[in-house]
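Number of protein chains: 2
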Amino acid sequence: MLDRLNHVALAVPDLAAAAARYRETLGATVSAPQPLPEHGVTVVFVDLGNSKVELLEPLGEGSPIAAFLAKNPRGGMHHVCYEVSDIRAARDRLLASGARVLGDGEPKIGAHGRPVLFVHPGDMFGTLTELEEV
Amino acid sequence: MLDRLNHVALAVPDLAAAAARYRETLGATVSAPQPLPEHGVTVVFVDLGNSKVELLEPLGEGSPIAAFLAKNPRGGMHHVCYEVSDIRAARDRLLASGARVLGDGEPKIGAHGRPVLFVHPGDMFGTLTELEEV
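The following block contains the structure:
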């Protein structure tokens, strides 16, 4: 049921500095910053060929990563995203196993324009886990 | 210089429970537990096709993930590992940029039998970052 590792999201307090480290020091292929105001973040994609890292910086009021950065001011690993072919089937298996899905349980349209949901980190061994239907 | 995303490592307090969640609830392809006493962990590999997740549980005294789990008792995202073709060249660029490499700066043989080193999370925006020469 789980397909590819879509991305790993790293929250950073300074997107320009993080992008420069990946691009200049590590020689990675790094996108221009993309503001996603409806998701409360600005994102830089680090292309790793087989998968990608998303560097996230808060954007605007009430950013979903603001609390994380308040707790982890230098930044840190925020979530991992797996691809699934049927997100409602995945959700139903998670709920049946006792895991909690964030929000109202209905998939939302995520930053890539596809249905996503988040599994409570307390039910995934401390890792905030996103599922994305691809 | 950065090549593929080799793996994401998630530290867990109960490897059997975490492996069961990935295998049974999420339908992922999950390896048998592999004790790596020389690295102080037991690992389960979650095969995601394009990359993998490594679930890590402490093994023996002085496990390198014991302190992390003491601080994060339910588990959490521990590190990310990128592939590089020349680990000493990558190290030298990191050091020249002011980043700190853990240990004595010399690559060690990692859990996959290849040279690895870790970059200090304080110089990678809070993310412990492993480089593996492939």
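Going down the list, the sequences are from chains A and B.
Counting from 1 along the first sequence, just add 3 to a position and that's the residue number in this note's numbering.
Counting from 1 along the second sequence, just add 3 to a position and that's the residue number in this note's numbering.
Where is the CB? At the ideal position from N, CA and C, for every residue including glycine.
The structure displayed is predicted, hence computed values, not measured ones.
- Thinking C-alpha only, which one of B:Val46, B:Arg7 and B:Arg103 is nearest Gly52 (chain B)? In the second sequence, counting from the first residue as 1, residue 52 (chain B) sits at position 49. Selected option, being the one with the closest Cα: B:Arg7.
- Task: Use the C-beta contact count for His10 (chain A): other C-beta atoms within 10 angstroms, 16 or more gives buried, fewer gives exposed.
- Result: By one-based count along the first sequence, residue 10 (chain A) stands at place 7. Under this definition His10 (chain A) is a buried residue.
- Query: Any idea which residues DSSP pairs Ala14 (chain B) with across the strands?
  - Reply: Residue mapping note: residue 14 (chain B) aligns to position 11 of the second sequence, counting from 1. In the DSSP output, where bridge partners are listed per residue, Ala14 (chain B) has B:Leu59 and B:Gly79.
- Query: So Leu72 (chain B) and Pro16 (chain B) are in contact, right, with Cβ under 8 Å, and what is the actual spacing, rounded?
  - Reply: Within the second sequence, numbered from 1, the residue matching residue 72 (chain B) stands at position 69. Within the second sequence, numbered from 1, the residue matching residue 16 (chain B) stands at position 13. Right, the Cβ-Cβ distance comes to about 6 Å (below 8 Å), so this counts as a contact.
- Item | Reference Thr130 (chain B); option with closest CA among B:His42, B:Gly30, B:Gly79 and B:Leu18 | For the purposes of this step, residue 130 (chain B) is taken as the residue at position 127 of the second sequence. Checking every option, the nearest Cα to that of Thr130 (chain B) belongs to B:Gly79.
- Item | DSSP beta-bridge partners of Glu86 (chain A) | For the purposes of this step, residue 86 (chain A) is identified with residue 83 of the first sequence, where counting begins at 1. Paired residues: A:Glu135.
- Item | Alpha-carbon to alpha-carbon, Ile112 (chain A) and Pro36 (chain A) | The sequence position of residue 36 (chain A) within the first sequence is 33, counting from 1. The sequence position of residue 112 (chain A) within the first sequence is 109, counting from 1. If you take the alpha carbons of Pro36 (chain A) and Ile112 (chain A), they lie about 20 Å apart.
- Query: Given that Arg96 (chain A) touches chain B, what residues does it touch there, using C-beta distances under 9 Å?
  - Reply: Your numbering for residue 96 (chain A) matches position 93 in the first sequence. Chain B residues near Arg96 (chain A): Glu27, Thr28, Leu29 and Gly30.
- Item | Residue-level contact to chain A via CB, Thr130 (chain B), 7 Å cutoff | Position 127 of the second sequence, counting from 1, holds the residue named residue 130 (chain B). Answer yes: the Cβ-Cβ gap between Thr130 (chain B) and chain A drops below 7 Å somewhere.
- Query: Between the C-alpha atoms of Leu120 (chain B) and Val83 (chain B), what's the straight-line distance to the nearest angstrom?
  - Reply: As a first step, residue 120 (chain B) must be located in the second sequence, where it is residue number 117. As a first step, residue 83 (chain B) must be located in the second sequence, where it is residue number 80. Taking the straight line joining both Cα atoms gives about 12 Å.
- Query: If Val87 (chain A) and Leu5 (chain A) are in contact, beta carbons under 8 Å, what's the gap, nearest whole angstrom?
  - Reply: To locate residue 87 (chain A), count along the first sequence from 1; it is residue 84. To locate residue 5 (chain A), count along the first sequence from 1; it is residue 2. Their Cβ separation, rounded to whole angstroms, is 6 Å, which keeps Val87 (chain A) and Leu5 (chain A) in contact under 8 Å.
- Per-residue contacts from Ser54 (chain B) into chain E (C-beta, under 7 Å): Any reference to chain E falls outside this structure, whose protein chains are A and B.
- Determine whether the Cβ of Ser34 (chain B) lies closer than 7 Å to any Cβ atom of chain A. Along the second sequence, one-based indexing puts residue 34 (chain B) at 31. Chain A, which has no Cβ nearer than 7 Å to the Cβ of Ser34 (chain B), makes this no.
- Residue-chain proximity (Ser88 (chain B), chain A), Cβ-Cβ < 7 Å: Looking up residue 88 (chain B) in the second sequence gives position 85. Judged by the 7 Å Cβ criterion, Ser88 (chain B) is not in contact with chain A.
- Task: Tell me whether Ala39 (chain B) sits in a helix, a strand or coil according to DSSP, three-state version.
- Result: Here residue 39 (chain B) refers to the residue found at position 36 when the second sequence is read from its first residue. Sequence check: residue 39 (chain B) is Leu here, not Ala. DSSP places Leu39 (chain B) in strand when its eight states are reduced to three.
- Check whether the Cβ of Val47 (chain B) lies closer than 7 Å to any Cβ atom in chain A. Taking the second sequence and counting its residues from 1, one reaches residue 47 (chain B) at position 44. Val47 (chain B) does not count as touching chain A.
- Message: Could you pull the DSSP bridge partners for Lys111 (chain B) from this structure?
- Response: For this step, residue 111 (chain B) is matched to residue 108 along the second sequence. Paired residues: B:Val119.
- Task: Name the two residues that bound the continuous beta strand (DSSP E) containing Phe128 (chain B).
- Result: Residue 128 (chain B) sits at position 125 when you count from the first residue of the second sequence. First-last for Phe128 (chain B): undefined, no H or E at that position.
- Task: Find out if the Cβ-Cβ distance for the pair Pro38 (chain B), Thr28 (chain B) is shorter than 7 Å.
- Result: As a working note, residue 38 (chain B) is residue 35 in the second sequence. As a working note, residue 28 (chain B) is residue 25 in the second sequence. Not closer than 7 Å, so no.
- Query: Assuming Pro110 (chain A) and Arg96 (chain A) make a contact with CB atoms under 8 Å, what is their CB distance in whole Å?
  - Reply: Residue numbering aside, residue 110 (chain A) sits at position 107 when the first sequence is read from its first letter. Residue numbering aside, residue 96 (chain A) sits at position 93 when the first sequence is read from its first letter. Going by Cβ atoms, the distance from Pro110 (chain A) to Arg96 (chain A) rounds to 14 Å, so no, they are not a contact pair.
- Task: Leaving out five residues on either side along the sequence, give the residues of the same chain with a beta carbon under 8 Å from the beta carbon of Pro118 (chain B).
- Result: For the purposes of this step, residue 118 (chain B) is taken as residue 115 along the second sequence, with counting starting at 1. So the qualifying residues of the chain are Ile90, Pro110, Lys111, Ile112, Glu135 and Glu136.
- Which class does Arg7 (chain A) belong to by DSSP, given the choice of helix, strand or coil? As a position in the first sequence, residue 7 (chain A) is number 4, starting the count at 1. Three-state DSSP puts Arg7 (chain A) in a strand.
- Taking the C-alpha atoms as reference points, what is the distance between Tyr25 (chain A) and Val33 (chain B)? Taking the first sequence and counting its residues from 1, one reaches residue 25 (chain A) at position 22. Taking the second sequence and counting its residues from 1, one reaches residue 33 (chain B) at position 30. In a straight line, the C-alpha of Tyr25 (chain A) is about 31 Å away from that of Val33 (chain B).
- Test item: CB-CB of Val47 (chain A) and Ala31 (chain A) under 7 Å: Position 44 of the first sequence, counting from 1, holds the residue named residue 47 (chain A). Position 28 of the first sequence, counting from 1, holds the residue named residue 31 (chain A). In this structure, Ala31 (chain A) does not lie closer than 7 Å to Val47 (chain A) by Cβ.
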